[in-house]
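Protein chains: 2
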Amino acid sequence: MNEINKGKNIVNRKAAYKWKARIWLEGEEGTFLGYGRVVLLERINEFGSISKAARSMEMSYKHAWDLVDSMNRQAPEPLIKTAAGGKGGGGTKLTVAGKQAIKHFRTVMDRLYEFLAKETGLSQDGLAKKT
Amino acid sequence: MNEINKGKNIVNRKAAYKWKARIWLEGEEGTFLGYGRVVLLERINEFGSISKAARSMEMSYKHAWDLVDSMNRQAPEPLIKTAAGGKGGGGTKLTVAGKQAIKHFRTVMDRLYEFLAKETGLSQDGLAKKT
DNA sequence: ATTCGTTATATACATAAGAATATAACGCAA
DNA sequence: TTGCGTTATATTCTTATGTATATAACGAAT
């Protein structure tokens, strides 16, 4: 038990409350990268298609496409490369920059989690998973 | 420049993006305490009234009242003590538990800020201020 | 009793975010 | 040139969140 959790303290009664946290990167038009977008990128990388990635996350295709578009518009170089038509109807792949973005975001996120776990006794599921 | 910000890296081009972060405490019916709720508590403590606090934040009275109600319902002991009617029409004060909650939340928040500043070069205004 | 400004409560309205749906464009393969 | 499944785009429908508005209850002071 560290300094924060010491003593009688409403905020830190672990049984009743859970600390949650979220980080994201903001660009000129709002969110650029957040946890949800990173998961979407990971699924695109896995399935090779925006529509399949969206289905796997129970997200509408339109929403997924909007997110992809938002990321590509804000990034100095595209994170995602799409192809409409062609073999199999087309598909979508991550660029090198896209794969790097995933990796770096997860690195910072993991460090945040470690920090919070130490500071507040946060359990694994305490990390917010949306957006 | 630390390990995270080292090298060529889309995620960490400080000129273009800002890291943002948010923490909150979750109880059985959703958010229990977040930055916005803490500010509301601070304003109530300052003005002695939910309605004045709400006006000072350009928040509707109903919304402020709902938040106060949500906090009191979820806390094991009330954070806020209201009085309808009486001298000056009534008013609202924080309990000792309420004042403690503010202090503890801000402590964790400040530590999170320090951590992120070190990890990502986050500037003061990078901390998300809403909810 | 009346007055006062507050808390307490309900209802209707506005706005935004995402879901659902539909359709066109695409380009390779058969 | 037809078929295929994808990307691309527009439109409509829900749903959630907060705003706006109105009204009643409250209780001490006058």
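Sequence order for the protein chains is A and B. Going letter by letter, the first sequence gives residues 1 to 131 in the numbering used here. Going letter by letter, the second sequence gives residues 132 to 262 in the numbering used here. The C-beta atom is built at its ideal place from N, Cα and C for all residues, glycine as well.
Bounding residues of the beta strand (DSSP E) (the contiguous stretch that carries residue i)
| i | result |
| --- | --- |
| leucine 40 (chain A) | Careful: leucine 40 (chain A) lies outside any beta strand (DSSP E), inside the alpha helix (DSSP H) at 35-47. |
| arginine 20 (chain A) | For clarity, residue 20 (chain A) is lysine in the given sequence; the question names arginine instead. It spans 18-27 - the beta strand (DSSP E) in which lysine 20 (chain A) sits, taken as one unbroken run. |
| lysine 212 (chain B) | 211-215 |
Test: residue i CB closer than 8 Å to a CB of chain A
| i | result |
| --- | --- |
| tyrosine 148 (chain B) | yes |
| arginine 204 (chain B) | no |
| phenylalanine 246 (chain B) | yes |
N- and C-terminal bounds of the alpha helix (DSSP H) containing residue i
| i | result |
| --- | --- |
| glutamate 250 (chain B) | 227-251 |
| leucine 198 (chain B) | 192-205 |
| lysine 183 (chain B) | 181-187 |
Within chain B, the residues that residue i reaches when beta carbons sit closer than 9 Å
| i | result |
| --- | --- |
| arginine 22 (chain A) | Lys151, Ala152, Arg153, Ile154, Trp155 and Ala259 |
| arginine 27 (chain A) | The question names arginine, but residue 27 (chain A) is glycine in the sequence shown. Residues of chain B passing the Cβ test: Ala147, Tyr148 and Lys149. |
CB contact below 8 Å: residue i versus chain B
| i | result |
| --- | --- |
| glutamate 119 (chain A) | yes |
| proline 78 (chain A) | no |
Amino acids of chain A, ordered along the chain, whose beta-carbon sits closer than 7 Å to that of residue i
| i | result |
| --- | --- |
| arginine 242 (chain B) | Glu119 |
Cβ contact check for the segment 173-191 of chain B and the segment 54-70 of chain A: 3 or more pairs under 8 Å: no
Per the contact definition of three or more C-beta pairs closer than 8 Å, is the segment 158-174 of chain B in contact with the segment 199-207 of chain B? yes
Taking one C-beta from the segment 97-105 of chain A and one from the segment 76-88 of chain A each time, how about it: are there three or more such pairs within less than 8 Å? yes
Return the residues of the segment 31-46 of chain A that lie within a Cβ-Cβ distance of less than 8 Å from chain B, sorted by chain order. Phe32 and Leu33
On the three-pair Cβ rule with 8 Å, is the segment 162-180 of chain B touching the segment 215-229 of chain B? yes
Pair every Cβ in the segment 107-115 of chain A with every Cβ in the segment 83-92 of chain A, then say whether three or more of these pairs are closer than 8 Å. no
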